[in-house]
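Chemist: As they're listed, the protein sequences go chains A and B. Numbers given in this note's numbering equal positions in the first sequence, counted from 1, plus 86. Numbers given in this note's numbering equal positions in the second sequence, counted from 1, plus 86. Think of the CB as a built atom: it goes at the ideal place given N, C-alpha and C, for glycine as much as any other residue.
Protein chains: 2
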Amino acid sequence: MLKIESITKLQQHVRHLRRASKVIGFVPTMGAIHEGHCSLMRAGRAECDELIASIFVNPTQFCPGEDYAKYPRPLERDLAACEAEGVDTVFCPDADEMYPAGSATTVSVSGLTDGLCGAYRPGHFDGVTTIVAKLFNIVQPDIAYFGQKDAQQAAVIRRMVRDLIWPIKIVICPTIREPDGLAISSRNAYLTPEQRKQALSLYAALEYARRQIQAGRLKVADLTAEMRQRIEAAGPCSIDYIEIIDAHELIPKNTVQGRCLIALAVRIGKSRLIDNIEVDAGTSKS
Amino acid sequence: MLKIESITKLQQHVRHLRRASKVIGFVPTMGAIHEGHCSLMRAGRAECDELIASIFVNPTQFCPGEDYAKYPRPLERDLAACEAEGVDTVFCPDADEMYPAGSATTVSVSGLTDGLCGAYRPGHFDGVTTIVAKLFNIVQPDIAYFGQKDAQQAAVIRRMVRDLIWPIKIVICPTIREPDGLAISSRNAYLTPEQRKQALSLYAALEYARRQIQAGRLKVADLTAEMRQRIEAAGPCSIDYIEIIDAHELIPKNTVQGRCLIALAVRIGKSRLIDNIEVDAGTSKS
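1) For residue 109 of chain B, which of helix, strand or coil comes out of DSSP?
2) Does residue 224 of chain B get closer than 8 Å to chain A when you measure Cβ to Cβ?
3) For residue 286 of chain B and residue 219 of chain A, what's the separation of their Cα atoms in angstroms?
4) Go ahead and pull the three-state DSSP assignment for residue 265 of chain B.
5) What is the residue span of the alpha helix (DSSP H) that residue 206 of chain B lies within?
6) Considering just the uninterrupted stretch of the beta strand (DSSP E) at residue 191 of chain A, what are its terminal residues?
7) Taking DSSP as the reference, what is the three-state secondary structure of residue 148 of chain A?
8) Run down chain B in chain order and give the residues with a C-beta less than 7 Å from the C-beta of residue 220 of chain A.
9) Chain B partners of residue 245 of chain A, CB-CB under 9 Å?
10) Please name the residue, chosen from B:365, B:239, B:320, that lies closest to residue 375 of chain B on a Cα-to-Cα basis.
11) At a CB-CB cut-off below 9 Å, which residues of chain E make contact with residue 197 of chain B?
12) Any Cβ of chain B within less than 8 Å of the Cβ of residue 104 of chain A?
13) For residue 341 of chain B, write down the residues that DSSP places opposite it in a beta bridge.
14) Measuring alpha carbon to alpha carbon, tell me which of B:309, B:152, B:318 ends up nearest residue 339 of chain B.
15) Could you give the first and the last residue of the continuous alpha helix (DSSP H) run that contains residue 359 of chain B?
16) Hey, how far is the Cα of residue 368 of chain B from the Cα of residue 335 of chain B?
17) Going straight from the alpha carbon of residue 102 of chain A to that of residue 134 of chain A, what length do you get?
18) Tell me which residue opens and which closes the beta strand (DSSP E) that residue 137 of chain B is part of.
19) Terminal residues of the continuous alpha helix (DSSP H) containing residue 212 of chain A?
20) Three-state secondary structure (DSSP) at residue 122 of chain B?
21) Please name the residue or residues paired with residue 89 of chain B in a DSSP beta bridge.
22) Per DSSP, residue 329 of chain A is paired with what?
23) If residue 143 of chain B sits next to residue 117 of chain B, beta carbons under 8 Å apart, how far is it from one beta carbon to the other, in whole angstroms?
24) For residue 145 of chain A, which of A:212, A:295, A:281 has the nearest alpha-carbon?
25) List the residues of chain A that residue 92 of chain B touches, going by C-beta distances under 8 Å, in chain order.
26) Classify residue 372 of chain A as helix, strand or coil using the three-state DSSP reduction.
27) Secondary structure at residue 230 of chain B, three-state DSSP: helix, strand or coil?
28) Report the rounded CA-to-CA distance for residue 362 of chain B versus residue 351 of chain B, giving the unit in angstroms.
29) Tell me, please, whether the CB atom of residue 194 of chain B is closer than 8 Å to any CB atom in chain A?
30) Am I right that residue 283 of chain A and residue 261 of chain A are in contact with their C-beta atoms under 8 Å? What's the rounded C-beta distance?
31) Got a sec: is the Cβ-Cβ distance from residue 107 of chain A to anything in chain B below 8 Å?
32) Once the 5 residues before and after residue 150 of chain B are set aside, which same chain residues still bring their CB inside 6 Å of it?
33) Measure the alpha-carbon distance for residue 222 of chain B versus residue 97 of chain A and round it to whole angstroms.
34) Three or more C-beta pairs under 8 Å: does that hold for the stretch 190 to 202 of chain A against the stretch 191 to 207 of chain B?
35) Closest Cβ-Cβ distance between residue 238 of chain B and chain A: below 8 Å?
36) Could you tell me how far apart the beta carbons of residue 174 of chain A and residue 136 of chain A are, in whole angstroms, since I believe they sit closer than 8 Å?
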């Protein structure tokens, strides 16, 4: 496995791959590699000639007061995980090279970024789209892999790639969960054992709502109120949002209809946890 | 010469060129091809294997009340001009394909776009950077050519490419002028013969300032006031700005020093004309 830190060197490597008509797969990460990332790498390994992963804790997608400084950076373990998944090249750039002095360019997606996490993390998605744009231009992948766990990010990246007409296929892979249902996240590491147990209430609430919808209860306000009760009953927490939204446009619904996302963000202890599941309620029967 | 209207077809063409390791040169235009564009094409023809020009009147870079509807669109003449300059492929996409329903992504450059034309054409540069980003992703050029006449645009595009790390070399070609000095522009077509004569005051004022600077007069307020007098004396007009700015960062100067741009935008009749020249005043002697 190659480990490349310099942008220029990665560009040279990519030029070489392009000339050889290799299909390049790309998994961008902030490190702290877990089973979720590994599932993206396995998807990429299965369909690409060259699998490139990046490890870069992107400062611009953290808001003031968030966990940029203490975000886990276990580089040696991350490299071993990449190697184990058959990654060909790991790109670990410096922040100074990714954001040189005088950086002034932002890529932003409007609308899709207004609600959900966008409402609670001002500037977060501009940070995500801008760094992904840079990485896409450096890596020039044919296929890039993202996780459904970050559902809003996935929708935003898809829209950006479509709008800016990047010749890149975006693949969204299913959320990976612990055996007990907790969505795997680098931020689970901040949880105490007790909080870790409490955090099961998130997936439980999502599954509760899914069962209710499948039983024909479609009133969003009722469903989200009941989810809220269940999550608050599990222990001390602060709920950023619990929403049921259109799966494509991320627009809040009053009545569940068609393909919807049930999505939530809840702060437990020092962790801000997000999770979501998709339900297809078909068309309205009214 | 190929003429391609569909994005998908151009992408196929580019894929083929990439596989053959062709050096792709790109001249983006809004059509109404004139000697300025031709000079960009000649520069591209001289150093690239495949020369691609685009003709697309980009709606998002026109502000409300500007000349989008009446902007000249002499397509047949434009195609002939491209062919005469040895263009290999002309890309003429539809606005509906470049901006499909639900388009939500904007590329923007801050700072450099605040002053000069940016202050008078709100949203203009976001329109420029966004369409150029799309075109770059479709055409995937190795080298792209822009004119120094649009000095602020040139600085903004350079910054965007550097910041988003596109593997594209940006070449800025000198302003092309009529024999009498008027900078060639598609918008000169809106001028009456009398206004055309009056418009010579713009370049004359720029040259006046250059001579004054070379003679050691470095106080910007004095120089721009004298330029304003000269332009207003030539006939009825509305001056958007006359400025002397740092050539790289486009920051207004009080005293001419180092590499500066003398830049102006003046409305005469139905035309908004811009022009600029560079002066190098060396370092301050104070």
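Modeler: On the basis of the data shown:
1) If you number the second sequence from 1, residue 109 of chain B lands on position 23. DSSP places residue 109 of chain B in coil when its eight states are reduced to three.
2) As a working mapping, residue 224 of chain B is identified with position 138 in the second sequence. So, interface residue.
3) For the purposes of this step, residue 286 of chain B is taken as residue 200 along the second sequence, with counting starting at 1. For the purposes of this step, residue 219 of chain A is taken as residue 133 along the first sequence, with counting starting at 1. One C-alpha to the other measures close to 43 Å.
4) For this step, residue 265 of chain B is matched to residue 179 along the second sequence. Coil, per DSSP.
5) Counting from one through the second sequence, the residue named residue 206 of chain B turns up at place 120. Note, residue 206 of chain B: alpha helix (DSSP H), 202 to 206.
6) Counting from 1 along the first sequence, the entry for residue 191 of chain A is found at position 105. It spans 191 to 195 - the beta strand (DSSP E) in which residue 191 of chain A sits, taken as one unbroken run.
7) Indexing the first sequence from 1 puts residue 148 of chain A at position 62. Coil at residue 148 of chain A, not helix or strand.
8) The residue you call residue 220 of chain A lines up with position 134 of the first sequence. Within 7 Å Cβ-Cβ: 250, 251.
9) Working through the first sequence from its first residue, we reach residue 245 of chain A at position 159. 188, 189, 190, 191, listed in chain order.
10) For chain B, the structure presents residues 87 to 372; residue 375 of chain B sits outside this window and is missing.
11) Structure shown: chain E not included; protein chains present are A and B.
12) Residue mapping note: residue 104 of chain A aligns to position 18 of the first sequence, counting from 1. It does: the Cβ of residue 104 of chain A has a partner Cβ on chain B nearer than 8 Å.
13) As a working mapping, residue 341 of chain B is identified with position 255 in the second sequence. Answer is B:305, bridged to residue 341 of chain B.
14) Position 253 of the second sequence, counting from 1, holds the residue named residue 339 of chain B. For residue 339 of chain B, the nearest C-alpha among the options comes from B:309.
15) As a working mapping, residue 359 of chain B is identified with position 273 in the second sequence. That residue, residue 359 of chain B, is in no alpha helix (DSSP H); its beta strand (DSSP E) goes 357 to 366.
16) The residue given as residue 368 of chain B occupies position 282 in the second sequence. The residue given as residue 335 of chain B occupies position 249 in the second sequence. So the two alpha carbons sit approximately 16 Å from each other.
17) On the first sequence, residue 102 of chain A is found 16 positions in, with the first residue counted as 1. On the first sequence, residue 134 of chain A is found 48 positions in, with the first residue counted as 1. Within the model, the alpha-carbon separation for residue 102 of chain A versus residue 134 of chain A is close to 16 Å.
18) Numbered from its first residue, the second sequence carries residue 137 of chain B at position 51. It spans 136 to 141 - the beta strand (DSSP E) in which residue 137 of chain B sits, taken as one unbroken run.
19) Locating residue 212 of chain A in the first sequence gives position 126, counting from the first residue. Its alpha helix (DSSP H) spans residues 210 to 225.
20) If you number the second sequence from 1, residue 122 of chain B lands on position 36. Three-state DSSP puts residue 122 of chain B in a helix.
21) Sequence index remark: in the second sequence, residue 89 of chain B carries index 3 (1-based). Answer is B:176, bridged to residue 89 of chain B.
22) Numbered from its first residue, the first sequence carries residue 329 of chain A at position 243. Its beta-bridge partners are A:349.
23) Locating residue 143 of chain B in the second sequence gives position 57, where the first residue counts as 1. Locating residue 117 of chain B in the second sequence gives position 31, where the first residue counts as 1. About 6 Å separates the two Cβ atoms, so the contact holds.
24) Position 59 of the first sequence, counted from the start, is the residue given in the question as residue 145 of chain A. When only C-alpha atoms are compared, the closest one is A:212.
25) Along the second sequence, one-based indexing puts residue 92 of chain B at 6. Here the premise fails: no neighbours, minimum Cβ distance about 12 Å.
26) Counting from one through the first sequence, the residue named residue 372 of chain A turns up at place 286. Note that residue 372 of chain A scores a pLDDT of 42, beneath 50, so its modelled location is shaky and nothing firm can be said.
27) If you number the second sequence from 1, residue 230 of chain B lands on position 144. Here residue 230 of chain B sits in strand by DSSP.
28) Counted from its first residue, the second sequence places residue 362 of chain B at position 276. Counted from its first residue, the second sequence places residue 351 of chain B at position 265. Their Cα atoms are separated by approximately 9 Å.
29) On the second sequence, position 108 is the one that residue 194 of chain B refers to. Yes - at least one Cβ of chain A is within 8 Å of the one on residue 194 of chain B.
30) Position 197 of the first sequence, counted from the start, is the residue given in the question as residue 283 of chain A. Position 175 of the first sequence, counted from the start, is the residue given in the question as residue 261 of chain A. The pair is not a contact, with the Cβ atoms about 20 Å apart (cut-off 8 Å).
31) Against the first sequence, residue 107 of chain A aligns to sequence position 21. For residue 107 of chain A, the answer is yes, since a Cβ of chain B falls inside 8 Å of its Cβ.
32) For the purposes of this step, residue 150 of chain B is taken as residue 64 along the second sequence, with counting starting at 1. Counting only Cβ-Cβ distances below 6 Å, and skipping sequence neighbours, we find nothing.
33) In the second sequence, the residue the question calls residue 222 of chain B occupies position 136. In the first sequence, the residue the question calls residue 97 of chain A occupies position 11. Approximately 17 Å between the Cα atoms of the pair.
34) Yes, since at least three Cβ pairs between the stretch 190 to 202 of chain A and the stretch 191 to 207 of chain B fall closer than 8 Å, the two stretches touch.
35) Against the second sequence, residue 238 of chain B aligns to sequence position 152. No, no contact with chain A.
36) The count along the first sequence starts at 1 and reaches residue 174 of chain A at position 88. The count along the first sequence starts at 1 and reaches residue 136 of chain A at position 50. Rounded, the Cβ-Cβ distance is 5 Å, consistent with contact.
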